[in-house]
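Heads up: the sequence shown at position 289 corresponds to 548 in the working numbering, and the numbers run straight through without jumps.
All C-beta atoms, glycine included, are put in the ideal place defined by N, C-alpha and C.
As the structure is a computational prediction, the values presented were derived from the model and not from experiment.
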Amino acid sequence: MTFRLYDAQSKRLTVAVSERVTHRMAEGLGFNWYAAYEPRTYPAPDDDARWQRIFDHAEWLNIKFVRFGQSGRALSDDTGDFTPGHFSFDQLRRLDAWAQCRGLHLILDPFSIPRAHQFQPWDGARPAWDEAGAPYALGVADIDRYVDRFVVPYVKYVVDDMGCRSVTWFNHVNEPLQGNICPTPPDIDDPVRYVEVLAAIRQGLDEAGLSRIGNLGPDTNTHRYWPLPRMLARGADPDPYLQGYCMHHYHSRFDWDSPSTNIATDPMSVTINQQLATYCDYAHARGKPYLVTELGMFHYGWATGDPAGIARHDNVVLETEFAVRAIARGADAVLRWAWLNPGDLDGWWQLITTTDGTDAPVRDPYCGYGTLMRYVGRRPSVLAVDVSAPVGSPPTVHAAAVQNQDGSRTLLLVNDSYASCAPVLVQLPTGGRAARKIVNDPVRKHRECGEIAAAGGAVEHADVLSPMSLTVYTTAAGAVA
């Protein structure tokens, strides 16, 4: 592959941001905070200095939305009754206090259904993900018992007893309906049962005075499987019981790239234009948000292949390109998978290294996500952007623009070419304010690159995007609230 600079004959792309608002995100950008790893993954409950360091990182990254995950199996006794006391509740207490001060929202998610509430294994029942030695993760046997003895007491404890007012969403199980998660006996239909559980949860929360907590689903493990048509074909519509739709996105690659031998993937344009667009439009047509509750990419490796592949710069560009294009297409939130992660279970997902006690940033993902997130605030308005490339130009430049609630504007530009610079003409209306330029590429890590003056109420700037880069133009003075 030949590295290409640019010259006078190079084709310049015009990136024109308009004043037209296409969408307002219901939440924003953030991370999963999975609190059920081994205690070595987190500071000790009494180590306030280290916890302050963790939240200093969260502040710098400008996290605006969090999905807080626990283990349902660890939150109940042998009969299936909810039991508080797990060490993860200390993390939730700290996270909620931090979030409340900033007006941020959390998703509460127990991830798994306690064993006492699952069906008894039947002949032919399979373990989760068909992993040898893995436990069963079967569907709910007695719905009323599950809601009355586990779901409602759990949510009520968190919201009322703990006072976690930042918790506004609830998702009752992680990645159902594939991988032998929530399967049912042969005489019961899986998706119908799933919708019946959603209905009971909505009723139970309402009757317990928790109507302000939004119910989420289907939270499936991949954008390649959209279960709504199967549900609707069986007369099981979840919409009356949901306040938001959510799914996970892991199986994409750059449009120009070849399939990985590690795992099946789709070109990013298929992911965005055929899959995510369908889900966003479906949710929005019903007046509901569409939340990407897990983002990661398996293309370069994870539990299979290279476990460090997740932390590569090119994978960070792949993930941030998804986020940029998802924002532009109407996603209401994008939450990257576990930023606090031991890193030795299913890949290097962590953004900071906690298991050795240093809490040091993992350079490429930390700088990449900081560049993506610092200049996009909570619930921003998405502005229309036109990227007009001359005929024959490869589509390697992708854009999204937002207006934040403080009035600042940010343009995010990805050039996903491995070897070609991309000459661009940036046109960003700023109301006469100058724009800062920040670059994250293989060499420059969240590098401030000066200020661009405005003329006539807008910034118009001829620039060159380096290969495999995320470039930000923003009127914000720093991280946006």
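| Query | Result |
| --- | --- |
| For A681 and P450, the rounded distance between their alpha carbons | 46 Å |
| Check: V593 C-beta below 6 Å from any heavy atom of the ligand COA | Ligands displayed in this structure: none; no statement on the ligand COA is therefore possible. |
| Residue from G344, N439, R352 with nearest C-alpha to P380 | N439 |
| Residue nearest to E297 in terms of C-alpha spacing, selected from T342, D478, Y538, N600 | N600 |
| Close beta carbons around L577, own chain, < 6 Å, minus the five adjacent residues each side | M556 |
| Collapsed DSSP secondary structure at T530 in the structure displayed | helix |
| Under the three-state DSSP convention, the category Y732 falls into | strand |
| Chain-order list of residues whose beta-carbon lies under 6 Å from that of G602 (same chain, five-residue window excluded) | Q609 |
| Unbroken stretches of the beta strand (DSSP E), 3 residues or longer, contained in the segment 403-444 | 426-429 |
| Q329 to T338 span [Cα, whole Å] | 19 Å |
| Assigned secondary structure, P304 (DSSP; H/G/I helix, E/B strand, else coil) | coil |
| Spatially closest choice to R299 from R622, L604, D340, by CA coordinates | L604 |
| Integer Cβ distance of A358 from L365, believed to fall under 8 Å | 6 Å |
| Residue environment, D515, which counts as buried when at least 16 other CB atoms sit within 10 Å | The sequence shown places Trp at residue 515, rather than the Asp named in the question. Exposed. |
| Alpha-carbon spacing of A562 relative to A597, whole angstroms | 14 Å |
| The segment 410-419 in contact with the segment 382-392 per 3-pair CB rule at 8 Å | no |
| DSSP three-state assignment for P682, whether helix, strand or coil | strand |
| Sub-7 Å separation of C360 and G398 beta-carbons | no |
| Distance between beta carbons of K323 and R637, contact taken as under 8 Å | 4 Å |
| Beta-carbon contacts of G716 that lie in its chain and below 8 Å, excluding the five residues immediately before and after | P688, T689, G690, G691 |
| Separation of D407 from N574, as counted between CA atoms | 43 Å |
| P343 - partner residues in DSSP beta bridges | Answer is none; P343 lacks a bridge partner. |
| Buried versus exposed call for Q311 [16 or more other C-beta atoms within 10 Å across all chains shown] | exposed |
| A713 beta carbon less than 7 Å from that of A693 | yes |
| Closest Cα partner of N430 within the set N291, M727, R695 | N291 |
| Check whether T281 and V673 have beta carbons under 7 Å apart | no |
| Limits of the unbroken alpha helix (DSSP H) element including H543 | 536-544 |
| Residue burial classification, A660 (beta-carbon count within 10 angstroms, cutoff 16) | buried |
| Residues sharing a beta bridge with M506, DSSP | T479, V551 |
| N-terminal and C-terminal residue of the alpha helix (DSSP H) that H572 is part of | 572-588 |
| Same chain only: Cβ atoms within 7 Å of V276, ignoring 5 sequence neighbours per side | L642, V644, A660, L670, Q686, L687, P688 |
| Residue(s) in a DSSP beta bridge with T273 | S647, L684 |
| Nearest residue (CA-CA) to D305, options A592, Q437, D349, R332 | D349 |
| Cutoff 6 Å; reference R695; Cβ partners in own chain excluding five residues on either side | E710, T733 |
| Inter-residue spacing [alpha-carbon to alpha-carbon] between I255 and T552 | Given a span of 260 to 740 for the chain in the structure shown, any question on residue 255 remains unanswerable. |
| Residue from G666, I402, R706 whose Cα sits closest to the Cα of G463 | I402 |
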